[in-house]
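The next block holds one structure in the form of structure tokens; read it before the comments.
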Amino acid sequence: MSGEGRPTRRTALAAGALAAVAAGCSKYGDEGAEPEPPPSTPAASRSGGSPGASGEAPAKGPVLAKTSDIPVGGGKVFKDEKVVVTQPAEGDFKAFSAVCTHSGCTVRDVDDGTVNCPCHGSRFRVADGAVAGGPAPRPLPPRGIDVSGNSIRLT
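In our numbering, the protein residues as written are 87 to 241.
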């Protein structure tokens, strides 16, 4: 047999296809498991938050709201941006994903110190996004904001 010990074209193609499938599977983990949410930056407060890991200031998006739009002890849901901005204490602004960690519904409102999901009754604290009640398994992930003057921007 000539070429003994050398891979054939068919063997090489099959090995490449298997490697691609294995790489794709490892990205998503176990079948049926929820994918991890993308990493997000911590919410910033009026003090400006922290710059990115590279030492540069985070990029700023368009103005999301005025500081006067966010009530102290409450917040506001921005459905299009899938973010909720809260003000747990005077001048302390936080931002979290508006996607409930239970089943992916968009939260509805902020009332009585909690961010509320209409689907199954999960509630999250305005101060840190922690679960305050309901079936949600994890807190709302923080989102980056920049508060400058009276403007709040996503970063």
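For each residue, glycine too, the CB sits at the ideal point set by N, CA and C.
Paired residues, beta bridge with residue i - DSSP
i           : result
residue 228 : 182
residue 238 : 151, 233
residue 256 : For the chain, the structure presents residues 87 to 241; residue 256 sits outside this window and is missing.
Backbone CA spacing between residue i and residue j [nearest angstrom]
i           : j           : result
residue 136 : residue 233 : The pLDDT assigned to residue 136 is 35, lower than 50, so where the model puts this residue is not dependable; a value taken from the coordinates is nonetheless given after this. If I take the Cα positions, the gap works out to 12 angstroms.
residue 130 : residue 172 : Low local confidence applies: a pLDDT of 43 at residue 130 is under 50, so the model's placement there is unreliable, and no value is given.
residue 159 : residue 203 : 18 angstroms
residue 149 : residue 223 : 31 angstroms
residue 165 : residue 183 : 10 angstroms
residue 186 : residue 208 : 8 angstroms
residue 140 : residue 239 : Any reading at residue 140 must be qualified, since the residue scores a pLDDT of 43, below 50, and its modelled position is unreliable; the value itself is stated next. Looking at the two C-alpha atoms, the distance is approximately 20 angstroms.
residue 193 : residue 155 : 18 angstroms
residue 153 : residue 235 : 8 angstroms
Beta-carbon spacing of residue i, residue j below 9 angstroms
i           : j           : result
residue 231 : residue 175 : no
residue 196 : residue 163 : yes
residue 243 : residue 200 : There is simply no residue 243 to check, as the chain begins at 87 and stops at 241 in what is shown.
residue 225 : residue 216 : yes
residue 147 : residue 241 : yes
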